Amino acid sequence: MTTQNKNGQEKEKITALYCRLSVDDDKKDMESNSITNQKQILLDYAKKHGYLHPVFFVDDGISGTTFQRPDFQRMQRMAENGEVGTIIVKDVSRFGREQVEMGRLTQVVYPSLGITFIAIQENINSTTGEGMEMLPFYSIFNEWYAAQTSKKIRAVNELKASQGRRVASTVAYGYKKIEGDKEQWYIDEPAAKIVRKIFTLCLAGKGPTQIAKQLEREKILVPTAYFHSVGRKTSNPVPANIYGWHESTVERILENQQYTGCTVNGKSTTVSYKVHKVIENPKEEYQIIPNTQEAIIDENVWLRVQELRKNKRRPTKTNRKSLFSGLVFCADCKSKLHFCAAKSLKRNQEFFRCANYKDGRGNCTIHFIRDVVLEMVVKEAVAGLADF
Numbered sequence: 264m265t266t267q268n269k270n271g272q273e274k275e276k277i278t279a280l281y282c283r284l285s286v287d288d289d290k291k292d293m294e295s296n297s298i299t300n301q302k303q304i305l306l307d308y309a310k311k312h313g314y315l316h317p318v319f320f321v322d323d324g325i326s327g328t329t330f331q332r333p334d335f336q337r338m339q340r341m342a343e344n345g346e347v348g349t350i351i352v353k354d355v356s357r358f359g360r361e362q363v364e365m366g367r368l369t370q371v372v373y374p375s376l377g378i379t380f381i382a383i384q385e386n387i388n389s390t391t392g393e394g395m396e397m398l399p400f401y402s403i404f405n406e407w408y409a410a411q412t413s414k415k416i417r418a419v420n421e422l423k424a425s426q427g428r429r430v431a432s433t434v435a436y437g438y439k440k441i442e443g444d445k446e447q448w449y450i451d452e453p454a455a456k457i458v459r460k461i462f463t464l465c466l467a468g469k470g471p472t473q474i475a476k477q478l479e480r481e482k483i484l485v486p487t488a489y490f491h492s493v494g495r496k497t498s499n500p501v502p503a504n505i506y507g508w509h510e511s512t513v514e515r516i517l518e519n520q521q522y523t524g525c526t527v528n529g530k531s532t533t534v535s536y537k538v539h540k541v542i543e544n545p546k547e548e549y550q551i552i553p554n555t556q557e558a559i560i561d562e563n564v565w566l567r568v569q570e571l572r573k574n575k576r577r578p579t580k581t582n583r584k585s586l587f588s589g590l591v592f593c594a595d596c597k598s599k600l601h602f603c604a605a606k607s608l609k610r611n612q613e614f615f616r617c618a619n620y621k622d623g624r625g626n627c628t629i630h631f632i633r634d635v636v637l638e639m640v641v642k643e644a645v646a647g648l649a650d651f
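Residue numbers (my numbering): 264 to 651.
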């Protein structure tokens, strides 16, 4: 089976061998569903039945209730470009556990693209029609299974929380787990050293952006790159710039109370097993369990950093400050207003702009207020109070 590239030259279509393993998969089936086992089964099948040019696509640790998986999307792009002739999976659940999208892809999209879909375990072949009448039933069952698994996980997490145990499975940068101890966190000294450095720089007056730039200059690996370097599994790929720290990463570290040695449960939840949108819970609803692991940051230091960041007045490049820096907020999105001053601006031209605008890259609009106007408004308000 062939396709044409951009130059009009023919090339053979690939056989896509798709593997997926979810952290929510039944532990009893882990060995059977392991990526290594899936690869072997798929490759053996492709060779036995004469499917040429096999290429593996693997999503490890991602739920089947979403089709927004990195390698699945890469396979989809190749399929839409006419580069895929056949897609083979070990079983229907490896492909996905969401019946609507499952049906759309296997019964509408792939046939229109001339792609054969094969699920080995259920003996399904979309081109011959074999097993296709049962595919909707398999899909319904697989989605039901995902729903039941989600309910069980929520129930287990609620029980853990009621017993004062840690709910989150993700370990914060700076800590690690030791094999055989699933819940306890231990200090990971190389990363913990960077966490302490970040807090020290903040106490010295540097903001998240300045700290991120300094870490990049010093060639400190970003957390994801560090995890990969020490063989720690993460769902995020290694970034192109392994030293490219973002201010948001620094902010998350500075805000993480768990560095004081406590556990924080109930920070967020998801809409449902199908809708993976994360909903942040109010801080008042957090469950704080003290002394669950060794502290990296002293609690008083953490509290001091939170206070500093709440009222931080960042200097401008001209070193000119406003009386209102750190005290005014956007009426629309509630973000802080940044004081903007430049050598090209006169004093009466300096202004405040929403921090969430970011030259059109943020989520707010360009509205602003001049410093002199703000000063006049405040003076009038104070005078009115005095008269009253």
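Virtual Cβ for every residue (Gly too), placed ideally from N, Cα, C.
If you're wondering where the values come from, they're calculated on a predicted model, not measured in any experiment.
CA-to-CA distance, residue j to residue i, given in whole angstroms
i: I416; j: S498; result: 19 Å
i: Q370; j: S389; result: 8 Å
i: E275; j: H316; result: 8 Å
i: E518; j: N619; result: 19 Å
i: F614; j: C603; result: 5 Å
i: F592; j: K460; result: 30 Å
i: Q569; j: F330; result: 38 Å
i: V321; j: F358; result: 11 Å
i: N611; j: E638; result: 11 Å
i: Q447; j: G327; result: 29 Å
i: F631; j: V434; result: 41 Å
i: T412; j: N296; result: 16 Å
i: A646; j: L608; result: 29 Å
i: R616; j: V372; result: 47 Å
i: D566; j: K546; result: The sequence given here has Leu at residue 566, not Asp. Distance between the alpha carbons of L566 and K546 is about 15 Å.
First and last residue of the uninterrupted beta strand (DSSP E) at residue i
i: G348; result: V347 to V352
i: Q550; result: Q550 to I552
i: P325; result: Sequence check: residue 325 is Ile here, not Pro. Run containing I325: none; DSSP gives neither H nor E here.
i: A279; result: I277 to L284
i: T379; result: T379 to A382
i: H316; result: Where H316 is concerned, there is no enclosing beta strand (DSSP E), given that its DSSP letter is neither H nor E.
Exposure label - residue i; buried when at least 16 CB within 10 Å
i: K310; result: exposed
i: Q556; result: buried
i: T523; result: buried
i: T299; result: exposed
i: T628; result: exposed
i: Y549; result: exposed
i: I542; result: exposed
i: I516; result: buried
i: T391; result: exposed
i: S432; result: exposed
i: V347; result: buried
i: D595; result: exposed
Close beta carbons around residue i, own chain, < 6 Å, minus the five adjacent residues each side
i: W508; result: A475, L478, E479 and V485
i: E514; result: P471
i: V430; result: N420, K423, A424 and N528
i: N314; result: A small correction: the amino acid at residue 314 is Tyr; Asn does not occupy that position in the sequence shown. The residues are T278 and T349.
i: F280; result: Strictly speaking, residue 280 in this sequence is Leu, with Phe absent from that position. Correct list, in chain order: L305, P317, F319 and I351.
i: P553; result: C525
i: K439; result: Y449 and D451
i: Q520; result: V527
Boundaries (first-last residue) of the alpha helix (DSSP H) holding residue i
i: C249; result: The structure shown does not extend to residue 249, since the chain is modelled only from 264 to 651, so the question has no answer here.
i: A594; result: No alpha helix (DSSP H) holds A594; DSSP gives it neither H nor E.
i: R572; result: E562 to K573
i: E510; result: E510 to E518
i: I441; result: Segment Y438 to I441 is the beta strand (DSSP E) holding I441; no alpha helix (DSSP H) there.
i: I416; result: L398 to S425
Residues near residue i in its chain [Cβ-Cβ closer than 8 Å; skip 5 each side]
i: Q362; result: P399, S402, I403, N405 and E406
i: E643; result: none
i: K482; result: Y506
i: E393; result: N386 and I387
i: Q272; result: Because Q272 sits at a pLDDT of 47, beneath the cut-off of 50, its placement in the model cannot be relied upon, and the point is left open.
i: G324; result: L284, S285, V286, K496 and S498
i: V564; result: F462 and L466
i: S492; result: L484
i: I441; result: Q447 and Y449
Same chain only: Cβ atoms within 7 Å of residue i, ignoring 5 sequence neighbours per side
i: A342; result: L376 and I378
i: Y489; result: A454
i: S356; result: G327 and N405
i: K269; result: Any reading at K269 needs caution, since the residue's pLDDT is 47, under 50, leaving its predicted position unreliable; the model's value is listed next. Excluding residues within five positions, none has a Cβ falling inside 7 Å.
Supposed close pair residue i, residue j - CB separation, criterion 8 Å
i: G437; j: V458; result: 4 Å
i: Y408; j: R360; result: 7 Å
i: I551; j: I450; result: Not quite, the Cβ-Cβ distance comes to about 20 Å (not below 8 Å), so this is no contact.
i: T487; j: V501; result: 6 Å
i: K353; j: I383; result: 6 Å
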